[in-house]
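Asks: In the working numbering, the protein residues as written are 6 to 365.
For glycine and all other residues, C-beta sits at the position ideal for the given N, C-alpha and C.
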Ligand code: NAD
């Protein structure tokens, strides 16, 4: 039976960038003579406009029936006035929950062709930046109980609970070690075990899981040091494994230092259900419908989908090679434009990548 990708174009630039990502996957299908089916469903503002619900049951069913989910972006000012539980972003949180996606993978790669965009000193950037943050997504202080604001001894007091059980730590650690085995085989686990009990258990359990991966070198770092090391020398990192709140902050930091929001992909994975693959940026309503969006983050997310979601590494590599060649040939959308390069729109950038996938 053919594998199926469920497409969720969403809002703003979502449909424009996803169309280019799909064109690249179709080019790969043609070149490698393989077969993949596509289904499509509504999410976010588009789903609200069609039926009042940012995540219709039909969309959840279409995602569950697929082998991987490929998303553009959701949200926009048109729906900003709606109550929180009716807003487009609720659709995205809802689908992550419905698919039980507990692991968020965010690669941060500095494409040599875009080195000038990097926010780091040139001598630091020259050492390279090619890491993946593996962030636990469904536990930690964001979900821990008890939580609230109450009066204690006449003083209003806010409180949250940082909590992880060993099963949660084990399943996210396995994702990080499995990923490291496909890369440079280094895992750096980030915690705050000098202060927090939840982190002490985290570290113990990660060490236990590491015994099953003798080829992987495991190091540990406190989160405050990690935030500093990411700007001092990010070349030391391969796979960063961390909990929800530390990962929230560190994955944004690692993405930001590459300087190119329009280039960064992400994957959210679970144990049984299909993974969800999407660019890290939002729906960019300021440029929607103008053919100005950079489709490369979505196209690179498509390569992640093929590699991680459908286990098609050769097909994924063909997309990444075509992206690199397109950048080498000097094509740039406005967000990554430099003097002397060729300014193109979303459609032309996608077409240049498609052309190079087919040529190889
Ligand atoms: P944003 O990422 O959409 O845009 C930030 C800036 O980056 C804008 O100037 C935009 O034009 C630019 N930009 C983003 N992607 C680009 C691309 N591919 N090419 C060129 N330029 C690009 O963030 P925002 O403005 O804070 O949010 C806009 C909407 O997107 C909001 O409704 C927000 O809730 C939503 N959002 C959705 C997701 C998601 O779907 N995963 C993530 C973040 C924000």
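So, using beta-carbon positions, are residue 240 and residue 271 closer together than 9 Å?
Replies: Not a contact, by the Cβ cut-off of 9 Å.
Asks: I need the boundaries of the alpha helix (DSSP H) containing residue 282, first residue and last residue.
Replies: Per DSSP, residue 282 belongs to no alpha helix (DSSP H); it is in the beta strand (DSSP E), 280–284.
Asks: State yes or no: is the C-beta of residue 284 nearer than 8 Å to some heavy atom of ligand 1?
Replies: Within the cutoff, so yes.
Asks: Run through the stretch 189–272 for me and flag every whole alpha helix (DSSP H) of 4 or more residues, listed as ranges in chain order.
Replies: DSSP runs (the alpha helix (DSSP H)) wholly in the stretch 189–272: 202–215, 228–237, 249–263.
Asks: For the stretch 88–102 and the stretch 55–63, state whether three or more C-beta atom pairs, one from each stretch, are separated by less than 8 Å.
Replies: Cβ pair count under 8 Å is three or more, so yes.
Asks: Hey, could you find the ends of the alpha helix (DSSP H) residue 304 is sitting in?
Replies: 301–309 is the extent of the alpha helix (DSSP H) around residue 304.
Asks: How many Å lie between residue 113 and residue 246 at the Cα?
Replies: Rounded to the nearest angstrom, the two C-alpha atoms are 14 Å apart.
Asks: Okay, do the stretch 319–335 and the stretch 117–126 touch, 3+ Cβ pairs below 8 Å being the bar?
Replies: Judged by Cβ distances under 8 Å, the stretch 319–335 makes contact with the stretch 117–126, as three or more pairs qualify.
Asks: Please name the residue, chosen from 20, 49, 42, 25, that lies closest to residue 369 on a Cα-to-Cα basis.
Replies: The requested residue 369 does not occur in the structure, where the chain is confined to residues 6 to 365.
Asks: Flag residue 19 as yes when its Cβ comes closer than 8 Å to any non-hydrogen atom of ligand 1, and as no otherwise.
Replies: Yes - ligand 1 has a heavy atom lying nearer than 8 Å to the Cβ of residue 19.
Asks: What residues match up with residue 138 in a beta bridge as DSSP calls it?
Replies: Its beta-bridge partners are 111, 245.
Asks: Return the bridge partner residues of residue 78 from the DSSP annotation.
Replies: Answer is 15, bridged to residue 78.
Asks: What are the boundary residues of the alpha helix (DSSP H) that residue 288 is part of?
Replies: Residue 288 -> no alpha helix (DSSP H), and no H or E assigned at all.
Asks: Could you check what DSSP says for residue 348 in three-state terms: helix, strand or coil?
Replies: Looking at residue 348 - three-state DSSP - the assignment turns out to be strand.
Asks: How would you call residue 38, buried or exposed, if buried means at least 16 neighbouring beta carbons within 10 angstroms?
Replies: Exposed, by the Cβ-count rule.
Asks: Between the beta-carbon of residue 64 and the beta-carbon of residue 47, is there less than 9 Å?
Replies: The answer is yes: Cβ separation under 9 Å.
Asks: Applying the criterion that 16 or more other CB atoms from any shown protein chain within 10 Å of the CB defines a buried residue, is residue 133 buried or exposed?
Replies: By the 10 Å Cβ count, residue 133 comes out exposed.
Asks: Which residues does DSSP list as the beta-bridge partners of residue 9?
Replies: Answer is 42.
Asks: Rounded to whole angstroms, what is the Cα-Cα separation between residue 29 and residue 365?
Replies: If you take the alpha carbons of residue 29 and residue 365, they lie about 13 Å apart.
Asks: If we ignore side chains and look at the alpha-carbon of each, how far apart do residue 179 and residue 279 end up?
Replies: Cα-Cα distance, rounded: 17 Å.
Asks: Do three or more CB pairs link the stretch 204–211 to the stretch 255–271 at distances below 8 Å?
Replies: Judged by Cβ distances under 8 Å, the stretch 204–211 makes no contact with the stretch 255–271, as fewer than three pairs qualify.
Asks: Figure out for me which residue from 284, 195, 181, 335 has the closest Cα to the Cα of residue 25.
Replies: Residue 284 is the option with its Cα nearest to residue 25.
Asks: With C-beta atoms as the reference, is residue 176 less than 9 Å away from residue 107?
Replies: Their beta carbons are under 9 Å apart, which means residue 176 touches residue 107 by this criterion.
Asks: So, at 7 Å on beta carbons, what are the nonlocal neighbours of residue 201 in its own chain, with the 5 sequence-adjacent residues on each side left out?
Replies: For residue 201, where only same-chain residues beyond five positions count, the Cβ hits under 7 Å are 167.
Asks: Only counting the same chain, and skipping five residues up and downstream in sequence, which positions put a Cβ closer than 6 Å to that of residue 141?
Replies: Result list for residue 141: 177, 248, 249, in chain order.
Asks: Tell me whether residue 147 sits in a helix, a strand or coil according to DSSP, three-state version.
Replies: Here residue 147 sits in helix by DSSP.
Asks: Three Cβ pairs or more, each shorter than 8 Å: is that satisfied between the stretch 188–202 and the stretch 155–164?
Replies: These segments do not touch.
Asks: Take the Cβ of residue 294 as the centre, count every other Cβ of all protein chains shown within 10 Å, and call the residue buried at 16 or more, exposed below.
Replies: Exposed, because fewer than 16 other Cβ atoms sit within 10 Å of the Cβ of residue 294.
Asks: Figure out for me which residue from 12, 70, 75, 105 has the closest Cα to the Cα of residue 274.
Replies: Taking only the C-alpha atoms, the option nearest residue 274 is 105.
Asks: Look at the Cβ atom of residue 192, then the Cβ atom of residue 215, and state whether they are nearer than 9 Å.
Replies: Cβ atoms of residue 192 and residue 215: closer than 9 Å.
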